[in-house]
Amino acid sequence: MPKMKLKDIISPFYVWQRSFEKPYTNNKPIDERPGAPSYRGFHVNDIEKCVGCGTCETICMNNAIDMVPVENLTAQVGDSGLRPRFDYGRCCWCALCVDICTTSSLRMSNEYAWVTDNPDDFRFTPGVDEKPWDDHPLGYRRDPDYSLLKLERPAMTMLSAEEGLNSFDEVVHGFTPEQAIVEASRCVECNICVATCPAHMNIPGYIKTIREQDFEQGLRLLYETNPFSSTCGRICTHRCEDDCVISHLGKPLAIRWLKRYITDQIPAEKYQQILQHKITENGKKVAIVGAGPGGLSAAYFLRLKGYQVSVYESAEKAGGMLRYGVPTYRLPDDALDKDIDYILSLGVSIHYQTTVGKEIDFQVLYDENDAVFFSTGLNVPSGLRIKGEDHPRVLSGLQVLCDVASQRDPGVGKKVAVIGGGNVAMDAARVCRRIGAEVTILYRRRIEDMPADPEEIEEAQAEKCKFVTQAIPGLIEKAKSLKQVVIQWGEAEMVADDNGGRPRPVLQEDKMHTDSYDCIISAIGQAGNYSFLPEDIKQQLVSQRGKFTVSNHQQTSNTKVFIGGDIANKTADAISAIADGQNAAIGIDEVLSLGMGTK
Amino acid sequence: MEYWITKIAYYLLTVSIVMVYGLLLSAVIAKTMARVQGRVGIPLYQPFIDIMKNFGNRTAISHGIMFYLGPVFRLAGGLGTLAFIPVIYGSEMFSNFHFAGDILLVMYFIFFGQLGMALGAGEGGHPYSAIGIARGLAQMTSYEVPFALAVIAVVVQYDTASISQIVAAQQGGFMNWTVFTNPFAVAAAMLAFLGMTGYAPFDVVMAPNEIPIGPATEFHSSYLSLMQINRAIFAGAKLVLFMNLFFGGAGNLIELVAKTWAIYMIPVIVGVAFPRFRVEQSVRFFLKIPTLIGVLAIFYVQYIVLK
Amino acid sequence: MKSLINRLTEQFKVSLEKQTKSDLCFIRVNKDDAEQLIRHCRDHESYTHLSFLTAIDRIEDNKFTLTYLLHNYQSHQSLGVHVELDRENPVMHSLHRLWGQMATYQRELKEIYGIEFPGSPRLNDEFFLEGWDQIPPMRKEFSTVEFCEERFPIREGRQSTDAKQTMKVEIYPGRGE
Amino acid sequence: MKNEDNTFANNGLLPEEMDLFCNARPVPYEPYSIEVVEKFFNWMRANSLWIMAFGTGCGAIELNPLMTSRFDANRYGIQVRPTPRQSSVFVIGGYSSVKTLKRIIRSYEQMQGPKFVLALGICTINGGMYWDSYNTIKRLDHYIPVDVYITGCMPRPEALLSGFFELKRKIKAGECDGANRYVKNLDWYKDNQKRVIKKWDMPDYNW
Amino acid sequence: MPSISQQPHKFDPPLEPDLTSGKYVKIWHGPQHPGITGNMSLELTICGDEVAHCKTHVGYLHRGFEKLMERRTFIQNFPVVCRIAVPEPAFNEYLYAAAIEEIAEIEVPELAQWLRVLNLELMRLASYLMWLGGSSGSFGMTTVYQWTVTHRDYILDLFEEMTGARIYHMYITPGGVRAKLPEGFKGRVLKVMQGVEKLLYEVEKVVFNNHVFKLRSQGLGIISKDMIDEYGIVGPNQRACGFERDLRKDQPYLVYDQLDFEVVTETESDAYTRAWVRYQEMHQSVSMIRQVLDKMPEGGSFHADLPNVLHWNVPAGETYVKAECTRGEYGYYMVTDGSEYLQRIHIRGPSYTHAVSVMEKLAVGINIADVAGLMVSLHTYPPEIER
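Residue numbers (my numbering), protein chains in the order written: chain A, 1 to 599; chain C, 600 to 906; chain U, 907 to 1083; chain X, 1084 to 1290; chain S, 1291 to 1677.
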C-alpha cells in the first residue's frame, strides 16, 4: 500500500485545466477533415487510358477486381475492351492495383465514405459508373519513383558498329540466360499482345516457360502457331511489342528476342524428339507455290493435318525473301535452315528451281491437287519513276540483297546512294557498308516517317550510313565515267496535310543538288508477279491495290485457290505471311473436310 | 381531505420539477465532464430522449416478479425520499409532507431504494448484477456511517429532527449555515456524498471496466427508464436534502438551482480527477477519515457549539 | 555460434542445417534427443528464452518439422532446433516442463496441425477454433478455398471475363487456332 | 428444430440445462398503430443510439476515436452500453470468425427491439480480406439482418459517422425493421447459423 | 519415450477449483466486456471478490493468417500482414519486409530505413497512447482515455498524410517504403510531438501522481524475476522487472544504432512500474522521432529494385527476424522454398504468452476489480495471439 502523499491527492486536480482550453472536437466532423492529399480512397479509372490488361485483377489478393465488358467499348488491337470492376465488399485499398497499373489509368480519390443499405451496390466499374468522387483531384497516385513493374529492358549485347561492318556475322547476340529470365519476368501475362500478333502466338505462355526454364514446353507452344520461330525470333517486325502493355510506361518486353532465346536453347536435332508431331495421312493433296514463309507455313500446318503437300520453288533454296531479302547479319542461314529443315522433315515434298508457269503449269497443279495455295511474294522492284532510271548503274535493292545472299558480288562500287526508307533500303545500305562502300540514304520524308524498323534505322546510323532526308530525287544522268552515275535531287519541305493525313513533302525547286555516285540503289517498294496464273483463274481472283482480296481463311472466290503472304496482306512481313499460311491451312482443311471444292 | 389532495397535487408538481431538473442537471454535469475531456458532450435534452426511447422499446423480457419490482422499489425509494424533504423553505407548495421527524424517514428511504434494487437485480441472475449489488450495499453501509454521524451532529446541534426546522435555524445570513457553524459535520457529510453520487473514485457499483453497469446489467426498456427517472429524482432529493441540512436551504427556485448545482459539482470535481477505488478500499476510506470527522463533528457540536 | 555447435555436436547427435546470419543458426536433432538438447541449451548454454515453437508442414517429404527457437540474452544469439516428425503419426514429447509457456504452443500445434504432445496440459482444449470438424486447418492438404466455397456462401453477381477469349471473339474470330 | 407447440427444441442444450432457458419463439412486433406516435418514437430512437460495446473485429479500433473527444459521437446521442440488454445498435466491426459469430448471435438476440445492425467494413459485405479464410463468415446478412453497410478497410471515423447518420435517417423514416425481419425469417437465419456454427451449445433463441 | 512424471511441477497449470463446493462462482470476462482489451475472454472462477482460477480463451479473432499467407504471393502478402496486429500494424509490415529482404538479400536504401524508423516510432507512440488511455480507463479514469485517444488520432493524421491510410498503412513494402515524405511534413510532426509532450506532462500529473491510481496499481500483478524466462516475457513487462533488454539496443536493426535513446528499467515489476516504463518510453520515442527528422537524409531512393512482383520467386531460405514493438519481441519466422509462395510463416506476437500463460498465472489471487487493470498492464493485443 503506497504512502499517502498530499501531492498525490492534489496533483490530479490538474485535470481541470483542460476545461479552460479549446475542446478537441471537430465541429463538422464529416466535412471538416477531407482525406489527406494522398489518401487511398475510392478508385478512379481513366477508361480512355485503360487498356483492360487485367493486371490489377491478377495482383489483387482479395479477388476484388473483375474484368467486365463495358458498353460502347469493343475490343481492339492493344485494348481488350474490358474494364476493371471493383467489389467493395472485397477491396482493402492496398492500392497494389494502382501501383501495378500498366497505363497509370487507375488511381484513387481521397473520398472514403460510402454508406448504403444495399450491399449489392458496392460493385462498380470506376470511370463507367458515375460516382461523386470521379473528379476529385486529390488522392493516391503511384509515386513516379516507385514502380512495381519492371520498365527497363536488360541491355542486349550486340556487335559494335565497327565490328559489324567487318563481317556478315549476326549483329544481335541474343539474351544470356540471366537476361532472358529477367526479361521474361517482366511479363504481366495480360494476353493483349496475342491479338496483335498476326499468328496469334501464345506469347505469355512461352514467356512463362522461360521463367520456368522449361524450353521444351516453350518450343511446343511456339510450334503450335509458328513454324518459323527461330526466324521470327530474329527478324519479326514484332508488332506485339508495340502493344505490349509495359510499353505504356516503359520499354516493351523484347518478345522477339525471348522467342529467339527459346529456339536458341534447343539444337535442331532435338526438335523432332520434343515436338513429337504425329501425322495421320488423310490422302488429300495440296500444292503450294512459293517456299517463302507463307508457303512453308501453310505446308507445315497442312502437313500436320495429314495432307500431302508439294511445294514449288523457283530458287535453289527454300526461304524466299527470308533467305534472299534478309541479310545474314540479321538472319543467319543456319537459323533459317533450322526452321525450314524441320518443316521439310515432316514429309513436305519440295521442288526447287521449278518455276510455276515455266517448268510446270499452274493449271496442272490446279487439276492434280485438292487445293492450291500460293504466296509468291512481292519480288518485282518498283521503279523510281524519274527520268534516267534505266541507267545501268541504277540497281534494285532486292537484287543487291539477293546477290549478297547468294554470295555473288553485287558490284556496287565504293560510293553508293540508296533511295528509299524501308527495310529493304536499310538492308541494302547496311550490306553495302559491309562490302566496303560509303552509303548515303536519300529519303523523301523525315526519319520518323521511315517505314523501316526503328532498330534498323538506328543500327544503320550507327554503322555510319549517311542519312539525307527530305530529299526528292529528280533526275538521273550519265556521269563521265561508265562506272558512275549522277543524281539530281531537291530538298523538300514538309507540308501539313489539310485532311489530317501525314505531312507530305513538297519539292523546293530552288534547292537542288547534284551528286555523283558509283551506283544508285533504288529500294522504294516491290510488286508481285502473277504471270504464271492462267487467265480464267486470274479473272476469278479479285485484287485491290495490287493485293488479292481473300477471306478470313485466305480463300479466294475460287474455292480451291488460297492466297497468302505479301501479295494478300497489307502488312507484308514475315509473321503475317506465316499467319496467312496457318489460316490458309485451317481454311483448306475446313473446305476439304467438308467435302467442298473437290474435283 | 381537500388538504391531502392539494398536498398530493403539490407533491406531484414537485416531483416533476425535481425530475426535470435532475435530468437537466445530469446533462449539464455530463457536459461539464465532457469539457474536461476536451469535447462537446451530449445535448441538454439527451437524458429525456434516452428515457423516452427506452419507454418506446418494443420488447421487454422479465426474469420474474422481483425483476419487475426492483425498479419500482427503486423509484419508490426516490419518490419516498423526496416526499418528506421540503424543497423550498417557506413555500407551502414545495414543502411536501414534512413533519417533525421527517429526517429519520428520509434516511430510511435513502436505503430503501437500494435494497429494492438488490432484490430485482438478484432475480436478473447476472453475476455482474450480484457483484454490483454486493459492492453497492457494502459501500453504502460504509458511507452511511459518516453521513449518519453528520446528520446526528446536525440534529443535536439544532435540537430537532425536522428538516424544515433545521433549515429555519440556518436562516439569517450565510454565516448561520451549518457549513460554517459546524464544518466538521459538513465535511463528513460531503465525503459521504461523494460516495452517494457514485462518481469516481467511488463508482464501484457501475464500474464500467470491471462489472459493466453493475446492478442494472439485465434491466432494459421501461425498467431502465424507471431507473433513469429515479436517478434524476433521487439525485435531486439528495441534493435538496444536503442543501437543507448544510447549506441553509433555498428560499426560491434560483437559490435552489444555484446551491444544488454547486453541491453537485463537488463530487464531479473529484470524480474526473481520480480513478476508481476497489470496493474494500472505498469501505476502508469511509470508515477511516470521514467517520473520524463525523465523530469529531458530534464532539464539536456537543462541546463547542452548544457550550 | 560455431563453438556452440561444436560443443553441442560433441554431446548430442546434431547436425548444422544452416546459419543464416551471424546470430541465428538452425540445427537438426533427433526427436528423442530433443528434450535433452534443449534442456542442455537452457541450463548450460544460457539459451533461456523460448521465442516460439512452431511446425512446418513438409508435405512433399511427408514430414512435419518442429522448430524450437531459443534465444540467448547474453550473447544475443538465437538457436533454432529442428525436429522432424512423421507426418502420418505426428507425436512429439511434451516439453511443457521446460517452459511455462510451452503448453500453450503445444496446444496450438495440436489444434492447427494435429501434432500430439502426450501429457501436455489442456492439450485437447479448443484454442483458436470452436466446433472444428475438418482436418487440422494448417495442414497443406486442407484447402481453405474449397472449404470456404462449401461452407460460407458469398455474394452473387461476381463474374470476370477473360481478356484473351474476348479479344479472340471480337478481333480475330476463327483465326489463329 | 421446432416442437409441436411451436417452441424451440433447444437440441444444443444438455438435459439438465433445459429448464434454465426459455424455449418460446419470438414474435414480430408491429409499429404503434397511431402514426404520429410511431414517428415520435422513431425520432427518439434515432437520437438515442446505444451501441453494444462488443468489438467483434478490427473495426473496434476506429470506434475509439469516434466515441472520444475528436469526433465525440456522444453529441449525436450515440453512446456505448456494455450490456446487450440496453443497447439498440450492434456495430459489427469487420470480419467475424465463427467463434465470434456465435457470440454475436447471442448478443444480438439478447438486445431488445427495435434493434439495428451496422455492418462496418468490407468483411461484412463479401468476405473482404478474409474471403478465403476458413474461420470467418463472408456475408453477415446471412446470419443476422443488417440495416446499414459501411464500406472501407478501415472505414474512417467519418465514414462511420455517416453510417450512423444514414441509420438515423432510416430509423426516422421507419425503414429499419431488422428485428422483425429476423423474427419472421427466423428459421432461415437459424439454418444458416447452424450450418457454420458446429458447436451449438446454447438455446435456439437466446432470450 | 521418456514418460512425464506424475509428480506435481511448478509449470503445471493450477488445478481448477471444485465448482460443486458452492464456494466458487464462474463468471466470464469478455468477449463482450469493456475491460478486456480486444475480443478475447477470461473464464474466471471467483471466490468472493477474489479470483481463484483463470482461463484465457482466445481465437475470437482467428482468421488463419498463416494459412492465407501460404496461398498468396509475396507481394500479395504485404497488405495482409498489417491486419495481424490491429492497433500496431507497422511492425508487421516492417518484419515481413525484413524477412523477405533477408532471404532474398535485398539492400534497402538508406532513406527508406530512416522513413521506416520514423514510421515505426510514430506507430509506437500511437500504440502507447492508446494503451495509456486504456490503462487509466481500466481503473476508471475515462478523462485521460479521451485525451490520449485524441492525440493518437493526431498521429494517425500524420500517418494518413505519410502513408495514405490511418490504420492499415501498407507503407513499408519489401524493399523499402512506398512514398516519400510529403511537403512540410516534418513541421507537422513536430507540432504533433509538442502536443504529445504537453499531454504527457498532464498525464504524469494526473495519472502517475495520483494517489488512487497508485493505490490500485502498485503491488498489482507482480512479475517475479524467474517468471521472465519461464514464460518468455519480453518488452516493457520484462524491463519493469529490472532487465535492461531492448532489441533496438541489443541487436540494432534499421538505423537504431544511430539514434540516441535509453533503455528504461524499473525494479518493482507491478502494474504501476510497467505503466511507468511505458510512459518513459513514450518520451524516448518522442525524442527519437525528433532525432530521425534531424538526421534523415534529404533525398535519395526510397525503394530497392525488386524483380517483377507478379512472378517473384524468393529464393529458398529460413530466417527469424524480430523487432522491439511496444509489447516486446515481435518476430516473423519465415520459411521459403524458392517458389512464388511461402512455405511457412509463423508470427510470434509477444501477447501470445502475456495474454495466455502469464495472465492465467497472475490473475490468480487478485481482486476481480483488478482483472481489467492487470490485463491492460500486460499490454496485450488479442489479434496477434490468434492471428
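Just so it is clear, CB atoms sit at the ideal spot from N, CA and C, and this is done for glycine as well.
In the structure shown, what three-state DSSP assignment does residue i receive?
| i | result |
| --- | --- |
| S/Tyr1623 | strand |
| X/His1225 | helix |
| X/Thr1219 | strand |
| A/Pro505 | strand |
| S/Lys1488 | helix |
| C/Arg673 | helix |
| A/Asp510 | strand |
| A/Cys519 | strand |
| C/Ile684 | coil |
Could you tell me the alpha carbon to alpha carbon distance between residue i and residue j, rounded to whole angstroms?
| i | j | result |
| --- | --- | --- |
| A/Arg434 | A/Glu459 | 13 angstroms |
| U/Gly1037 | X/Asn1218 | 11 angstroms |
| C/Leu714 | S/Leu1419 | 41 angstroms |
| X/Ile1254 | X/Ser1131 | 11 angstroms |
| C/Phe801 | C/Pro814 | 15 angstroms |
| C/Leu895 | C/Val754 | 15 angstroms |
| S/Tyr1671 | S/Gly1320 | 14 angstroms |
| U/Pro996 | S/Met1624 | 22 angstroms |
| A/Glu224 | A/Tyr342 | 14 angstroms |
| A/Gly581 | A/Ile360 | 22 angstroms |
| A/Ala95 | A/Arg40 | 7 angstroms |
| S/Gly1509 | S/Leu1385 | 35 angstroms |
| C/Asn653 | C/Tyr620 | 20 angstroms |
Let me confirm a value: residue i is counted as buried when at least 16 other C-beta atoms fall within 10 Å, else exposed. Which label applies?
| i | result |
| --- | --- |
| U/His950 | exposed |
| U/Glu916 | exposed |
| S/Lys1495 | buried |
| A/Pro534 | exposed |
| A/Ile210 | buried |
| A/Asp242 | exposed |
| C/Ile903 | exposed |
| C/Arg673 | buried |
| C/Gln769 | buried |
Assuming residue i and residue j form a contact by the criterion Cβ under 8 angstroms, report the distance between their Cβ atoms to the nearest whole angstrom.
| i | j | result |
| --- | --- | --- |
| S/Ala1659 | C/Ala806 | 7 angstroms |
| A/Pro23 | C/Arg634 | 7 angstroms |
| S/Ala1662 | S/Gly1325 | 3 angstroms |
| X/Gly1177 | X/Gly1142 | 4 angstroms |
Which parts of the region 420-447 of chain A are runs of the alpha helix (DSSP H), unbroken and 4 residues or longer, counting only runs that do not cross its ends?
-> 423-434
Every unbroken beta strand (DSSP E) inside the region 732-761 of chain C [3 residues or more] = The region 732-761 of chain C contains no whole beta strand (DSSP E) run of 3 or more residues.
Could I get the ranges of all uninterrupted beta strand (DSSP E) runs contained in the region 252-333 of chain A, with 3 residues as the minimum, in chain order?
-> 285-289 and 308-312
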